[in-house]
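In the UniProt record's numbering, the protein residues as written are 1 to 456.
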């Protein structure tokens with residue numbers, strides 16, 4: 001970085017992260033509006049302190065999404081520079097290579113990510129460069145929603161009420177259609193060299209047939225959700241129906257922003273169904289609110305009394321049966337098999353499978369969270385851990401520990417015709433299908449007995 005450089009003589013760097021889109025893209029739009037030429041970059045940072053490596057399914061999605069973003073940027077007149085390494089070092093190198101006089105990025109909310117961003121901001125300030133961060137990922141910043149005493153919310157319903165009392169989220173920004181791209185060649189790494197996609201074996205066939213990563217795929221999902229709103233309230237808990245949006249991986253990678261979703265739903269004809277959907281969008285918001293204030297969400301119990309929970313020694317065979325969908329409980333097995341095939345699982349079934357692991361098998365929620373982190377295409381730093389802690393009973397606004405999701409009761413209630421189960425467990429009723437791994441009543445009683453040791 002050259003502090004003697006004239007302020008407007010170089011380009012503006014736009015550092016893409018979890019915001020892989022051109023619509024409602026405040027960092028990109030601000031750079032374009034500055035009048036500077038723009039150099040767009042994505043940094044694969046797997047080595048900065050505290051940064052959690054991506055899981056396999058997320059890596060697959062990222063590859064497709066970066067390919068889509070690069071095409072979109074090229075059509076707009078720019079390109080996408082790919083670099084790998086500690087972000088602070090890579091950004092400094094790019095500033096030196098381009099003579100950039102400004103850097104724009106959209107904020108992230110994990111502790112390690114915020115620390116990286118702060119180091120870069122401090123370095124820019126010290127050398128006379130502009131560094132601007134923007135909000136592209138949340139409806140409300142975590143510090144904007146607090147209790148009357150100024151503390152963060154720990155229960156969702158008052159958080160949701162407070163969100164509704166805030167000023168409405170701002171309208172989405174217009175899509176960037178034309179970029180004055182930095183016309184000097186900047187070396188870029190080859191996306192294929194990052195080996196984000198599986199090869200030997202190639203287990204991603206189900207992901208390819210299920211998903212369309214990228215901004216256009218996200219827009220189609222949103223349109224489909226609007227068209228399907230009349231059936232949302234009744235069908236959202238039914239895994240045998242296509243009533244949910246499946247927008248979660250697109251939101252996770254920022255191929256669509258929550259403001260776009262919010263205002264599209266507010267304009268929909270079915271206001272009651274739209275309100276129900278927006279409540280779920282704010283559940284995502286609540287997870288990020290909690291992550292911001294409790295950054296070790298994926299490793300530490302929010303309710304510290306659960307640190308004393310007497311998890312038994314890990315039963316590797318039971319864990320493997322759960323991972324492979326071989327527990328002998330059809331709804332659990334259907335969910336785990338769907339997850340392995342498509343990188344996705346219906347939310348109702350996520351709760352059932354997580355409850356079964358933590359309360360019927362008495363396996364630590366962190367082990368389940370790590371498996372979902374590796375296999376979900378929508379695994380993100382906030383929602384994955386937040387929802388696991390909710391089911392386990394150790395988190396914010398948690399499901400009471402004594403609430404154990406009986407997989408047979410849930411199956412009869414939410415998949416009454418076994419359409420979902422039949423689609424993923426074709427061996428049900430054959431000699432190949434396993435016997436139940438545990439007795440539901442006995443394992444529930446064992447879980448409740450263990451809970452008595454930490455109940456405060």
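Heads up, the beta-carbon is just placed ideally off N, CA and C, and yes, glycines get one too.
{"Query": "Neighbourhood of residue 194 by C-beta, 7 Å cutoff - its chain only, sequence neighbours within 5 removed", "Result": "44 and 84"}
{"Query": "Endpoints, the alpha helix (DSSP H) within which residue 322 is located", "Result": "316-324"}
{"Query": "Three or more C-beta pairs below 8 Å linking the region 18-27 and the region 300-313", "Result": "no"}
{"Query": "Close beta carbons around residue 226, own chain, < 7 Å, minus the five adjacent residues each side", "Result": "264 and 268"}
{"Query": "Pairwise C-alpha distance: residue 72 and residue 257", "Result": "17 Å"}
{"Query": "Beta-carbon contacts of residue 88 that lie in its chain and below 8 Å, excluding the five residues immediately before and after", "Result": "48, 116, 119, 120 and 123"}
{"Query": "Extent of the continuous alpha helix (DSSP H) to which residue 355 belongs", "Result": "347-355"}
{"Query": "Spatially closest choice to residue 417 from 392, 181 and 331, by CA coordinates", "Result": "331"}
{"Query": "7 Å Cβ shell around residue 399 - same chain, five flanking residues per side excluded", "Result": "390, 391 and 393"}
{"Query": "Whole runs of the alpha helix (DSSP H) within the UniProt domain \"Photolyase/cryptochrome alpha/beta\" (10-139), excluding any shorter than 4 residues", "Result": "26-33, 56-76, 87-98 and 111-126"}
{"Query": "Endpoints, the alpha helix (DSSP H) within which residue 410 is located", "Result": "407-414"}
{"Query": "Contact test: residue 371 Cβ vs the ligand SAM heavy atom, cutoff 6 Å", "Result": "Judged by which ligands are present, the structure shown has none, so any question about the ligand SAM falls away."}
{"Query": "Delimiting residues of the alpha helix (DSSP H) encompassing residue 254", "Result": "Per DSSP, residue 254 belongs to no alpha helix (DSSP H) and is neither H nor E."}
{"Query": "Three-pair Cβ contact test at 8 Å for the region 185-192 versus the region 212-231", "Result": "no"}
{"Query": "Pair within 7 Å by beta-carbon distance, residue 259 and residue 172", "Result": "yes"}
{"Query": "From 105, 176, 95 and 125, residue whose alpha carbon lies closest to that of residue 74", "Result": "176"}
{"Query": "Beta-carbon proximity check, residue 348 vs residue 414, cutoff 7 Å", "Result": "yes"}
{"Query": "Helix, strand or coil at residue 335 [DSSP, three-state]", "Result": "helix"}
{"Query": "Residue 375: first and last residue of the uninterrupted alpha helix (DSSP H) it sits in", "Result": "365-375"}
{"Query": "Rounded straight-line distance, which links the Cα of residue 108 to that of residue 367", "Result": "25 Å"}
{"Query": "Assigned exposure category for residue 449 - 16 Cβ within 10 Å defines buried", "Result": "exposed"}
{"Query": "Beta bridge counterpart(s) of residue 181 as assigned by DSSP", "Result": "38"}
{"Query": "Exposed unless 16 or more other CB atoms sit within 10 angstroms - verdict on residue 266", "Result": "exposed"}
{"Query": "Cβ-based burial, residue 215 [other Cβ within 10 Å; buried from 16]", "Result": "buried"}
{"Query": "Proximity winner among 57, 36 and 62, relative to residue 42 (alpha-carbon distances)", "Result": "62"}
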